[in-house]
Amino acid sequence: MSTRDLYVQDPGDPLWEVPASGAARFSWEAVYCGQKNGAGRDRLLALYQKGKDKQWDANLRIDWELEVDPKDPLGTPDESMSLYGTKYWDKISEKDRGDLRQHYTSWQFSQFLHGEQGAMVCAARIVESAPDLDAKFYSATQTMDEARHAEIYSRFLQEKIGMLYPVNDNLQALLGDTLKDSRWDMPYLGMQVLIEGLALAAFGMIRDTTTKPLPKQILAYVMQDEARHVAFGRMALRDYYKQLTDAELREREDFVIEGCYLMRDRLRGLEVLENFGIPPKEAAEFTERSEFLHLFRKLLFSRIVPCVKDIGLWGERLQRAYVDMGVFDLGDSNLDLLMAQDEELAEKLDAERFAAEEEARTAEVAAAIAEGAGEG
22 MSTRDLYVQD PGDPLWEVPA SGAARFSWEA VYCGQKNGAG RDRLLALYQK GKDKQWDANL
82 RIDWELEVDP KDPLGTPDES MSLYGTKYWD KISEKDRGDL RQHYTSWQFS QFLHGEQGAM
142 VCAARIVESA PDLDAKFYSA TQTMDEARHA EIYSRFLQEK IGMLYPVNDN LQALLGDTLK
202 DSRWDMPYLG MQVLIEGLAL AAFGMIRDTT TKPLPKQILA YVMQDEARHV AFGRMALRDY
262 YKQLTDAELR EREDFVIEGC YLMRDRLRGL EVLENFGIPP KEAAEFTERS EFLHLFRKLL
322 FSRIVPCVKD IGLWGERLQR AYVDMGVFDL GDSNLDLLMA QDEELAEKLD AERFAAEEEA
382 RTAEVAAAIA EGAGEG
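Under my numbering, residues 22 to 397 are what the sequence shown spells out, in order.
Written out as structure tokens, the structure reads:
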């Protein structure tokens, strides 16, 4: 069976081509991690070293033997589904509710998959277009990270969920706008700040609410990588945006404003409800009433707003837009603390898993010794 056969809806042409523009830039100023290159560049090279040190194999680190019930993949409460509490919810059977859980998870993780492929292409574009060699070094490690993430989500969807959804039109539009722009910093801004911020909010919400060990592992380990990616974008853009004119900064702020409204208003999973026969207008109303959607939006902007402020995009129009969205106060959120927590949760999960495995091995050896002594 090809992956195409697992799509709930026709994904269209199997190949999406985005016209490339901009220059491929080479740098003849060689750098390496052992020399002093200046404070900013040393920070980037330290992040590159960390990117090398933290590489991991998804086949080995993730326990793919863990079973997943496709009709309840995440174990999250019924209240997390926007159809809950409506007239339709009361009419559908328990089987249909299981199908709905499967479709919601498929839609969410399919968007994760498509976003990670976009992140991989954007990271590769940064390798090509960034003017500094240290940025190229780090982006090369991120390209590998994003390939691993796409591999993980693809495997989870195919082996555990058995179903995929096409890329959301609005996510595809944001990816296209990010990749089509010829300015070298735009893949950083579109991907590292907006799309990665969106992803981290979604990953974190599921990671912290799921009761199932396999999706928790996947999301915790992916988020550990993403913490580095956001740090990279902040470093590179903060230094560069200090050099731009007011007009150039306004252009980038316009891009951020449009992207934030798009993510807030358009990425809601309406495709799932419409696939179950809910009229589009009602599907939108049910989704807007969802407490989980409101919480997700708050989490989404807790990652994006402080990052945008940190890199120097904080003009009056952008501030007014965040006031309109009700998220202006999040500009003072401690992004470094959130990222440190992402790292710590992954390390804690590793420690718990390995301690349990070591305990099981010790018990197995003790049982074998006791059995051998009994036979003697």
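We treat Cβ as the ideally placed atom computed from N, Cα and C, and that holds for glycine.
What three-state label does DSSP hand leucine 95 in the structure shown?
-> In the structure shown, leucine 95 sits in coil (DSSP, three-state: anything other than H, G, I, E or B).
Might you give, ordered along the chain, the residues of its own chain that have their beta carbon closer than 8 angstroms to the beta carbon of leucine 195, omitting 5 neighbours on each side?
-> Cβ neighbours of leucine 195 beyond the five flanking positions: Gly211, Leu215, Ile216, Gly280, Leu283, Met284.
Locate the alpha helix (DSSP H) running through aspartate 111, then write down its first and last residues.
-> Looking at the DSSP string, the run of the alpha helix (DSSP H) that includes aspartate 111 is 108 to 112.
Are at least three pairs of beta-carbons, each pair with one atom in the region 261 to 280 and one in the region 320 to 339, less than 8 angstroms apart?
-> Result yes; three or more Cβ-Cβ pairs closer than 8 angstroms.
Glutamate 269 to proline 35, Cα distance in whole Å?
-> Glutamate 269 and proline 35: Cα-Cα distance of roughly 36 angstroms.
Please classify leucine 270: does DSSP put it in a helix, a strand, or coil?
-> Assigned with DSSP and collapsed to three states, leucine 270 falls in helix.
Could you give the distance in angstroms between the alpha-carbon of serine 42 and the alpha-carbon of aspartate 202?
-> The straight-line gap from Cα to Cα measures roughly 7 angstroms.
Excluding five sequence neighbours on each side, which residues of the same chain lie with their C-beta closer than 8 angstroms to the C-beta of leucine 291?
-> Closer than 8 angstroms at Cβ, skipping near neighbours: Pro301, Ala304, Ala305, Thr308.
Exposed or buried, asparagine 189, counting other C-beta atoms within 10 Å across all chains shown (16 or more means buried)?
-> Asparagine 189 should be labelled buried.
From Val344, Tyr242, Thr107, Trp49, residue whose alpha carbon lies closest to that of methionine 360 = Taking the Cα of methionine 360 as reference, the smallest distance to any Cα among Val344, Tyr242, Thr107, Trp49 is reached at Tyr242.
Inspect the beta-carbon positions of serine 160 and arginine 46 and report whether they are closer than 8 angstroms.
-> Cβ atoms of serine 160 and arginine 46: not closer than 8 angstroms.
Whole-number beta carbon distance between phenylalanine 313 and serine 101, since they are thought to touch under 8 angstroms = Indeed they touch by this definition, with Cβ atoms about 5 angstroms apart.
Indicate the three-state DSSP secondary structure (helix, strand or coil) for tyrosine 69 in the structure shown.
-> Here tyrosine 69 sits in helix by DSSP.
Less than 8 angstroms separating the beta-carbons of leucine 339 and glutamate 274?
-> Yes, they are a contact pair.
Taking the CB atoms as reference points, tell me whether aspartate 166 and tyrosine 69 lie closer together than 8 angstroms.
-> Their beta carbons are not under 8 angstroms apart, which means aspartate 166 does not touch tyrosine 69 by this criterion.
Integer Cβ distance of valine 251 from cysteine 143, believed to fall under 8 angstroms | Not confirmed; about 13 angstroms, so no contact.
Any idea which residues DSSP pairs tyrosine 28 with across the strands?
-> Note: tyrosine 28 sits in a beta bridge opposite Leu185.
Distance, lysine 108 Cα to isoleucine 147 Cα | Spanning the two alpha carbons is a distance of roughly 49 angstroms.
Report the residue from Ala387, Glu385, Glu247, Gly352 whose alpha carbon sits nearest the alpha carbon of lysine 75.
-> Closest option to lysine 75, Cα to Cα, is Glu247.
Assumed close pair aspartate 87, proline 208 - CB separation to whole angstroms, cut-off 8 angstroms = First, the residue type needs correcting, since residue 87 is leucine and not aspartate in the sequence shown. At roughly 35 angstroms, the Cβ-Cβ gap does not stay under 8 angstroms, so leucine 87 and proline 208 are not in contact.
Pull up the distance between the alpha-carbon of glutamate 385 and that of leucine 351, whole angstroms please.
-> Glutamate 385 and leucine 351 have their C-alpha atoms some 51 angstroms from each other.
Express the C-alpha separation of isoleucine 390 and serine 354 in angstroms, rounding to a whole number.
-> Rounded to the nearest whole angstrom, the C-alpha separation of serine 354 and isoleucine 390 is 55 angstroms.
Glutamine 245 versus alanine 394: straight-line alpha-carbon distance, rounded = Roughly 46 angstroms separates the two Cα atoms.
Please state whether DSSP places asparagine 296 in a helix, a strand or coil.
-> Reduced to three states, the DSSP call for asparagine 296 is helix.
Since I believe arginine 324 is in contact with leucine 221 (beta carbons under 8 angstroms), could you give me their beta-carbon distance rounded to a whole number of angstroms?
-> 5 angstroms between Cβ atoms; contact.
Given glycine 183, which residues of its chain have a CB within under 7 angstroms of its CB, disregarding the five upstream and five downstream residues?
-> The answer, listed in chain order, is Leu27, Pro91.
Roughly how many angstroms separate the alpha carbons of leucine 192 and glycine 33, rounded to a whole number?
-> Just so you know, the alpha carbons of leucine 192 and glycine 33 end up roughly 16 angstroms apart.
Use the C-beta contact count for glutamine 30: other C-beta atoms within 10 angstroms, 16 or more gives buried, fewer gives exposed.
-> Result: exposed.
With a Cβ-Cβ cutoff of 8 angstroms, do leucine 185 and serine 127 count as a contact?
-> Taking 8 angstroms as the Cβ cut-off, leucine 185 and serine 127 qualify as a contacting pair.
Closest to glutamate 373 by CA distance: which of Pro40, Arg289, Gln238, Phe317 is it?
-> Minimum Cα distance to glutamate 373 is reached at Gln238.
Grouping DSSP H, G and I as helix and E and B as strand, with all else coil, what is leucine 160?
-> This sequence places serine at residue 160; leucine is not what is there. In the three-state reduction of the DSSP assignment, serine 160 falls in the helix class.
Give me the Cα-Cα distance between threonine 342 and histidine 315, rounded to the nearest whole angstrom.
-> In the sequence as presented, threonine is not what sits at residue 342; that position holds alanine. Cα-Cα distance, rounded: 18 angstroms.
Kindly list the residues whose CB is nearer than 7 angstroms to the CB of arginine 318, restricted to its own chain and excluding five residues on each side of it in sequence; keep chain order.
-> So the qualifying residues of the chain are Arg285.
Looking at the structure shown, is serine 18 part of a helix, part of a strand, or coil, going by DSSP?
-> The structure shown does not extend to residue 18, since the chain is modelled only from 22 through 397, so no value can be given for it.
Under 8 angstroms by Cβ, that's how I've got isoleucine 173 and alanine 79 pegged, so tell me the actual separation to the nearest angstrom.
-> Contact between isoleucine 173 and alanine 79 holds, with the beta-carbon distance rounding to 5 angstroms and staying under 8 angstroms.
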